[in-house]
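A short worksheet on the structure shown next.
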Amino acid sequence: MATAIIDGKKQDRVVSSKDRSLMATPFYPPPAPAPPSGPASKIAVVGEQFCAPYTVDLTVTEKAISLTDGDYVVTDVNGNILFKVKGKFLSLRDRRILLDAVGNPLLSMQQKIQFKRLEELIDAVVLQMISMHRRWQVYKGDSSNSADLLFSVKKSSLLQFKTELDVFVASNTAESHCDFKVKGSFHERSCLIYLGDSTNVIARMHREYTVKNIVLGKDAFGITIYPNVDYAFVVALIVILDEINEDRHD
């Protein structure tokens with residue numbers, strides 16, 4: 076027996092077993108989508124000091140006017156500069172240096188093969204074949220010594236409608252399987268970074284459109300790096316992806 080109040084008057088009614096079950100079971104709204112959890116253990120390619128236990132959002136902005144191609148500034152959500160990327164002027168190889176906020180070199184990125192003059196003399200098919208064999212190699216600091224190699228990046232296949240890159244850490248000399256994969260859209264300037272050939276996303280990038288950047292002719296990219304993932308490593312991959320896309324555009 077239960078007592079209910081209807082129109083200000085108490086009324087007794089019989090409560091069935093079904094009613095008791097409903098009354099005993101609380102109702103909760105559906106939970107909010109869980110944020111990306113990231114890998115359980117740290118993925119450190121450049122260094123563990125760049126593996127935050129939370130999601131990191133960064134912005135990579137390419138300078139509109141520079142004596143050298145490939146100059147970028149990397150900032151956090153508060154506008155603080157974390158990294159800068161400088162290109163080497165008149166270098167025999169395409170070379171980029173990733174610097175920390177105070178100018179110390181963290182990484183050196185360079186193409187293994189450079190055929191700019193030859194490319195002007197050969198047809199588009201051969202050009203694609205040469206482009207396929209280009210490889211970006213990334214070293215510690217300002218080094219280009221093989222002992223300081225951290226990882227390398229190359230295209231996954233010869234003909235691509237969307238940019239797809241394979242990433243190999245230095246210890247993976249066999250290269251039978253990639254350690255990371257970058258899948259991007261050249262036209263949309265977006266990409267996802269995966270752990271190996273799996274479906275596990277560790278970071279994502281998208282192009283940012285602002286009035287200021289459009290007026291100044293700058294390219295800006297927003298990057299979301301999942302917890303426990305080396306964000307310096309991800310920044311280097313985004314810079315290399317942008318350089319490869321620029322070569323494709325040219």
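Here the sequence shown is numbered in our numbering, starting from 76 and rising by one per residue. Note that CB positions come from ideal geometry on N, CA and C, so glycine has one too.
Which whole-angstrom value is the C-beta distance of residue i and residue j, which I expect to be below 8 angstroms?
i	j	result
Ile-118	Asp-272	Rounded, the Cβ-Cβ distance is 15 angstroms, inconsistent with contact.
Gly-178	Arg-170	About 17 angstroms separates the two Cβ atoms, so there is no contact after all.
Ala-311	Val-213	6 angstroms
What residues match up with residue i in a beta bridge as DSSP calls it?
i	result
Gly-259	Cys-266
Ala-295	Thr-136, Glu-283
Ile-118	Val-304
Cys-126	Asp-305
Asp-175	Phe-158
Ala-278	Ile-268, Ile-300
Leu-240	Lys-230, Val-257
Val-148	Thr-136, Lys-159
Val-131	Ile-300
Leu-316	Answer by DSSP bridge pairing: none, since Leu-316 is not bridged.
Leu-225	Partner(s): none; Leu-225 has no beta bridge.
Which term fits residue i, buried or exposed, when burial requires 16 or more other beta carbons within 10 angstroms of its beta carbon?
i	result
Ala-307	buried
Val-121	buried
Phe-236	exposed
Lys-229	buried
Glu-250	exposed
Val-200	Residue confidence is low: Val-200 scores 47 on pLDDT, short of 50, so the model does not pin down where it sits. Its coordinate-derived value is still stated next. Exposed is the call here.
Ile-156	exposed
Ala-176	exposed
Glu-137	buried
Ser-227	buried
Ala-278	buried
Val-152	exposed
Ala-295	buried
Ser-183	buried
Glu-123	exposed
Gly-154	exposed
Asn-220	exposed
Asp-132	exposed
Glu-195	Any answer about Glu-195 is weak, because its pLDDT of 47 lies below 50 and its placement is not dependable; what the coordinates show is given next. Flag for Glu-195 reads exposed.
Tyr-147	buried
Leu-165	Here Leu-165 scores only 47 on pLDDT, less than 50, and its place in the model should not be relied on; the value that follows carries that caveat. Classification for Leu-165: exposed.
Tyr-129	exposed
Asn-303	buried
Ile-313	buried
Taking residue i as part of the beta strand (DSSP E), name the residues at either end of that continuous run.
i	result
Gln-212	210-215
Gly-154	Here Gly-154 belongs to no beta strand (DSSP E), and DSSP marks it neither H nor E.
Ser-183	180-186
Asp-169	Note, Asp-169: premise wrong, no beta strand (DSSP E); not H, not E.
Can you find a CB in chain B that lies within less than 8 angstroms of the CB of residue i?
i	result
Thr-134	No chain B is part of this structure, which consists of one protein chain only.
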